[in-house]
Amino acid sequence: MNAYRSRIYLSERGSGLVELALVLLLVLVMLAGLVDLGSAFNAYIIITDASREGARYAAMHANDAAGITQAAVQSAQGSGLGLSVSITGLGQAAGSTIRVTVQCQHHMLMQGILGIGDFTLSSSTQMVIY
Numbered sequence: 002m003n004a005y006r007s008r009i010y011l012s013e014r015g016s017g018l019v020e021l022a023l024v025l026l027l028v029l030v031m032l033a034g035l036v037d038l039g040s041a042f043n044a045y046i047i048i049t050d051a052s053r054e055g056a057r058y059a060a061m062h063a064n065d066a067a068g069i070t071q072a073a074v075q076s077a078q079g080s081g082l083g084l085s086v087s088i089t090g091l092g093q094a095a096g097s098t099i100r101v102t103v104q105c106q107h108h109m110l111m112q113g114i115l116g117i118g119d120f121t122l123s124s125s126t127q128m129v130i131y
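Below you can see the structure in the form of structure tokens.
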């Protein structure tokens, strides 16, 4: 009986390693997906804050396009994101609204596996000019 048991254990000797390799691959793909999702969410938070800062500045200085853009870009300074700022309602009178939209391109780490390439994140904030 002892010899029979040792033959069974010898034939299943590498099965644990194969199972580990398969499960580890799945876990690493899921982890990389979570990192991608977290990175995209972080970038969205940064551009949302940038659009709010630009809109706050725009509410007080509705004619200063360069200042509005600078306020938005300066808010995201150090993030490494290439921001694009657009302003709607520039030069309007007090009581009307002004909208600041901030966009950036987000690069997916898992684009080859998921089939998703770069995509644009956009955030917009509208405030009343006073």
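All residue numbers for the sequence shown refer to this note's numbering, where the first residue is 2 and numbers rise by one.
Cβ coordinates follow ideal geometry from the N, Cα and C atoms, glycine included.
Proximity to Leu82 across Ala72, Met111, Leu91 and Leu122 peaks at Leu122, based on C-alpha coordinates. Residue nearest to Met111 within the set Ala41, Asn64, His62 and Leu21 is Ala41 (criterion: CA-CA distance).
For Met31, the uninterrupted alpha helix (DSSP H) run begins and ends at Ser16 to Met61, by DSSP. For Thr89, same chain residues with a beta-carbon under 6 Å away, outside a window of 5 residues either side, are Arg100 in chain order.
In the DSSP assignment, Gln106 is bridged to Thr121. Looking from the CA of Leu26, the closest CA among Ser125, Val74, Thr126 and Ile114 belongs to Ile114. Pairwise C-beta distances place the stretch 14 to 31 out of contact with the stretch 55 to 64, as fewer than three of them are shorter than 8 Å.
The residue among Glu13, Glu20, Ala44 and Thr49 with its C-alpha nearest the C-alpha of Thr126 is Thr49. When DSSP reads this structure, Leu84 sits in a beta bridge with Cys105. According to DSSP, residue pairing for Gln127 in a beta bridge involves Arg100.
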